[in-house]
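Protein chains in written order, with our numbering: chain A, 1 to 113; chain B, 1001 to 1109. Ideal Cβ positions, reconstructed from N, Cα and C, are used throughout, including at glycine. Here the structure is laid out as structure tokens; the discussion comes afterwards.
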Amino acid sequence: DSGVTQTPKHLITATGQRVTLRCSPRSGDLSVYWYQQSLDQGLQFLIQYYNGEERAKGNILERFSAQQFPDLHSELNLSSLELGDSALYFCASSTGTITGELFFGEGSRLTVL
Amino acid sequence: AQRVTQPEKLLSVFKGAPVELKCNYSYSGSPELFWYVQYSRQRLQLLLRHISRESIKGFTADLNKGETSFHLKKPFAQEEDSAMYYCALSDGGSEKLVFGKGTKLTVNP
């Protein structure tokens, strides 16, 4: 499957801990986006990378950070976790040339206890 | 600030009935609007974009700048249309999308 791949699919951890979510974009896509979907909330844009560089930033908390590596995969690091960080985290990728055409992964469901 | 509002969290219609999913946006410039759909156990995927003025799976959406709306319509709903629908906006200057909270459409037999 050459689609967007996210790992892990599910993650349960405790408050105060740190986790890393991983995303591999579609083959050939240079842009990676991270979105957070909390209960009863829509998709909240966190951050975008294009070819290794940060392109746009949304309402991403200081406790969260991301990066895109030379092989174009991306990681979202969430630290000092709080109960409210429990959410579905989506990664999406695009070529970066066609506005609005994002290809989404299946998401990583994070539960903070 | 950019904002997308989908006033209906849930929408239920019968098969063969017309369906309209509402989307209103707030943006001062010239937005680009999109509809994304997530079928059960599938990934979120692009359904259509206003700039293409296309009909996908029988769905159409017209951008009304006067009413700042981009409602999604289909004249005859099918059971396979049951899904979660998200309206999204791009400011054109960036590639990121701002999404609404979504509307869950259920088409009953």
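Please list the terminal residues of the continuous beta strand (DSSP E) segment that includes residue i.
i, result
"D1062/B", "1060-1064"
"C1087/B", "1083-1090"
"I94/A", "First, the amino acid is wrong: residue 94/A is Ser here, not Ile. Residues 87-94."
"Y1036/B", "1032-1038"
"T13/A", "10-13"
"V1004/B", "1003-1005"
"E75/A", "74-78"
"S1055/B", "Unbroken run through S1055/B: none, as it is neither H nor E."
Going by the DSSP bridge assignment, what does residue i pair with across the sheet?
i, result
"S1069/B", "N1024/B, N1064/B"
"R26/A", "R26/A is not bridged to any residue."
"I47/A", "W34/A, K57/A"
"F69/A", "Its beta-bridge partners do not exist; DSSP assigns none."
Please decide whether residue i counts as near chain B, where near means a Cβ-Cβ distance under 7 Å.
i, result
"G100/A", "yes"
"E106/A", "yes"
"F64/A", "no"
"G28/A", "no"
"L43/A", "yes"
"A87/A", "no"
Under 7 Å between C-beta atoms, does residue i make it to chain C?
i, result
"Q48/A", "Here the protein chains are A and B, and chain C is not one of them."
Contact check, residue i vs residue j under 8 Å by CB: the rounded distance?
i, j, result
"Y50/A", "S65/A", "The pair is not a contact, with the Cβ atoms about 17 Å apart (cut-off 8 Å)."
"A1083/B", "V1037/B", "5 Å"
"G3/A", "T95/A", "Going by Cβ atoms, the distance from G3/A to T95/A rounds to 14 Å, so no, they are not a contact pair."
"L102/A", "Y33/A", "6 Å"
"P1031/B", "E1079/B", "Incorrect: roughly 32 Å between the Cβ atoms, too far for contact."
Does chain A have any CB closer than 7 Å to the CB of residue i?
i, result
"R1003/B", "no"
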